[in-house]
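Notes follow once the structure below has been shown.
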Amino acid sequence: MRFLGNILWIVFGGLIIALGWLVVGGVLCLTIVGIPLGLQCFKAAELTLAPFGREVVYGGGVGSALGNFLWAITFGWMFALSYVLAGIFNCVTIIGIPFGMQAFKLAKLAWAPFGAEIL
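The numbering of the sequence shown is my numbering, which starts it at 1493 and goes up by one.
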């Protein structure tokens, strides 16, 4: 199911969303101040490309908490909200529930990427 889910995810929009994360991350990395934010975008792009069969482990300390707070009030809320809405729309049908669950996983990462590790 993991392989088939990832293929369907990529075909039906995952590739385009991952490329969007890569572009945003690249633009942020053009400035010294934006490099930490850009690296988090690359992390989100990695999970967005193939979310099935992977999980996110959250950790970190004060620095991660501060980074997540700043991220959430600037960009993170928009990204997380879009993933939550996509998850709700996917969960309307029985077939879309696995994709909706992946969207909710991505929403959590989009809300708080600092200190998160993708396994």
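Ideal Cβ positions, reconstructed from N, Cα and C, are used throughout, including at glycine.
Let's test the definition: count the other Cβ atoms within 10 Å of the Cβ of residue i and tell me whether it reaches 16, buried, or not, exposed.
i, result
"Ile1509", "buried"
"Ala1557", "exposed"
"Phe1495", "exposed"
"Leu1598", "buried"
"Thr1540", "buried"
"Leu1611", "exposed"
"Gly1592", "buried"
"Gly1506", "buried"
"Gly1612", "Since the first and last residues shown for the chain are 1493 and 1611, residue 1612 lies out of range."
"Leu1520", "buried"
According to DSSP, simplified to helix, strand and coil, what is residue i?
i, result
"Ala1602", "helix"
"Met1493", "coil"
"Gly1592", "helix"
Considering only C-alpha positions, which residue in the set the options is nearest to residue i?
i, options, result
"Gln1594", "Gly1551, Trp1603 and Gly1545", "Gly1545"
"Gly1517", "Gly1506, Ile1524, Leu1529 and Phe1591", "Leu1529"
"Met1570", "Ile1527, Val1584 and Lys1600", "Lys1600"
"Phe1606", "Cys1533, Ile1580 and Leu1514", "Cys1533"
"Trp1501", "Gly1559, Ala1602, Ala1608 and Gly1579", "Gly1579"
"Ala1604", "Ile1565, Leu1520, Val1584 and Ile1586", "Ile1565"
"Glu1538", "Phe1504, Ala1572, Gly1512 and Ile1586", "Gly1512"
Just list the residues that DSSP pairs residue i with in beta bridges.
i, result
"Ala1608", "Tyr1550"
Using only the heavy atoms of the ligand FAD, determine whether one of them is closer than 7 Å to the beta carbon of residue i.
i, result
"Leu1562", "This structure simply doesn't include the ligand FAD, nor any ligand for that matter."
Considering only residues of the segment 1499-1585, which uninterrupted alpha helix (DSSP H) runs meet the minimum length of 4 residues and lie entirely inside it, listed in chain order?
Scanning the segment 1499-1585 for uninterrupted alpha helix (DSSP H) segments of 4 residues or longer gives 1507-1520, 1527-1541, 1554-1563 and 1569-1582, listed from N- to C-terminal end.
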